[in-house]
Amino acid sequence: ADPRRTAPLTQDAPLPLQAPMGAIRTALLLVAALAEAHAFIPASPALSLKSPPKCATQPRRAQTALFTLAATATAASSAGEGIPGSFDAAVNARAETKKLEKSIFATDDRPVILFDGVCVLCNGGVDFMLDFDLPDDVRGTFRFAALQSNVGRALLQRSGRRADDISSIVLATKTDTFLESDAILRIGQGLGKGTLLFPIAPIASTFGLAVPTPVRNAFYKWVSDNRYEFFGKNDQCRLYDDRFDSRFLGEL
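Position 181 of the sequence shown, counted from 1, bears residue number 415 in our numbering, the numbering being contiguous throughout.
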């Protein structure tokens, strides 16, 4: 007989399944311990796989801000307290601006040219336009106002620009607003009457409008951005001209 088959099992010899069962038991105990520890760890919030688009949250924030501002202004009004820069003050200021806008063209439909009142180059341009816009006529074709005046600020706001934006000449009609090179060329179309520049100025300006706007405006912005450095700046803002009272709006 094979001695390996008939040898009795001793106390120290392990059973054939004892080692695998011990490993399984150890693994189960480890899993149970991890599960028990996980119960004491706070669960992290579930994350959305797709973040909401930014535009979806912006309107609500804007509405909340407006509501808060309106509520604050309403509460102050009911308490009889005036808050500088409050919603009511902004509404009243806008109403006054709209009233001024209408008064500018209420009885006079001549276009208004807005210019930088302290810019030497701009003031020279105004003088040129006065000399070549029906110089023998009291009224002329255009009216003038400084961008820094209340008329200028009102017409800037009407065009959607900031009230303190003096970066561009502006031609404002009763219904339209023209800026930068468009304003220059459309002013040129109305110049020259009663002088030697007619009809040269209107024809040249019409041809100028055929040049692509980005090209025209690039040159205009370069001159505008450097106008103080190249031509200088006055200490006082030009609001009136004694020679042409009916052509300057000044302050209304």
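All C-beta atoms, glycine included, are put in the ideal place defined by N, C-alpha and C.
8 angstroms Cβ cutoff met for L419 and G442: Within the sequence shown, the letter at position 185 stands for residue 419. Within the sequence shown, the letter at position 208 stands for residue 442. Judged by their CB atoms, L419 and G442 are nearer to each other than the 8 angstroms cut-off.
Mark E485 as exposed unless 16 or more other C-beta atoms lie within 10 angstroms of its C-beta, in which case mark it buried. Residue mapping note: residue 485 aligns to position 251 of the sequence shown, counting from 1. With fewer than 16 other Cβ atoms from the protein chains shown falling within 10 Å of its own Cβ, E485 counts as exposed.
Would you say L364 and F465 are within 8 angstroms of each other, going by their C-beta atoms? As a first step, residue 364 is located in the sequence shown; it is residue number 130 there, counting from the start. As a first step, residue 465 is located in the sequence shown; it is residue number 231 there, counting from the start. Against a cut-off of 8 angstroms, the Cβ pair of F465 and L364 comes out as no contact.
C-beta contact flag for F482 and A406 at 8 angstroms: For this step, residue 482 is matched to residue 248 along the sequence shown. For this step, residue 406 is matched to residue 172 along the sequence shown. No, the Cβ-Cβ distance between F482 and A406 is not below 8 angstroms.
Excluding the 5 residues flanking V372 on each side, which residues of the same chain have their C-beta closer than 7 angstroms to its C-beta? To locate residue 372, count along the sequence shown from 1; it is residue 138. Counting only Cβ-Cβ distances below 7 angstroms, and skipping sequence neighbours, we find S480.
Check whether S415 and R461 have beta carbons under 8 angstroms apart: One-based indexing of the sequence shown puts residue 415 at position 181. One-based indexing of the sequence shown puts residue 461 at position 227. No, the Cβ-Cβ distance between S415 and R461 is not below 8 angstroms.
Given a cut-off of 8 angstroms, decide if L368 and G359 are closer than it, judged by their beta-carbon atoms. For the purposes of this step, residue 359 is taken as the residue at position 125 of the sequence shown. For the purposes of this step, residue 368 is taken as the residue at position 134 of the sequence shown. No Cβ-Cβ contact shorter than 8 angstroms links G359 with L368.
Going straight from the alpha carbon of V404 to that of A417, what length do you get? In the sequence shown, counting from the first residue as 1, residue 404 sits at position 170. In the sequence shown, counting from the first residue as 1, residue 417 sits at position 183. Looking at the two C-alpha atoms, the distance is approximately 6 angstroms.
Go through its chain and collect everything with a Cβ distance to K467's Cβ below 7 angstroms, but skip five positions before and after it. If you number the sequence shown from 1, residue 467 lands on position 233. Within the same chain, K467 has close Cβ partners V352, C353 and V354.
Which two residues bound the contiguous alpha helix (DSSP H) that contains F378? By 1-based counting over the sequence shown, the position of residue 378 is 144. It is not in any alpha helix (DSSP H) - F378 instead sits in the beta strand (DSSP E) that spans R377 to A380.
Cβ neighbours of D370 in the same chain (closer than 7 angstroms, five flanking residues each side left out): Along the sequence shown, one-based indexing puts residue 370 at 136. Hits under 7 angstroms: G428.
What is the DSSP secondary structure of K284, counted as helix, strand or coil? As a working mapping, residue 284 is identified with position 50 in the sequence shown. Reliability of the predicted coordinates at K284 is poor, the pLDDT of 37 falling under 50, and the value obtained from them is presented with this limitation in mind. Note: K284 maps to coil in three-state DSSP.
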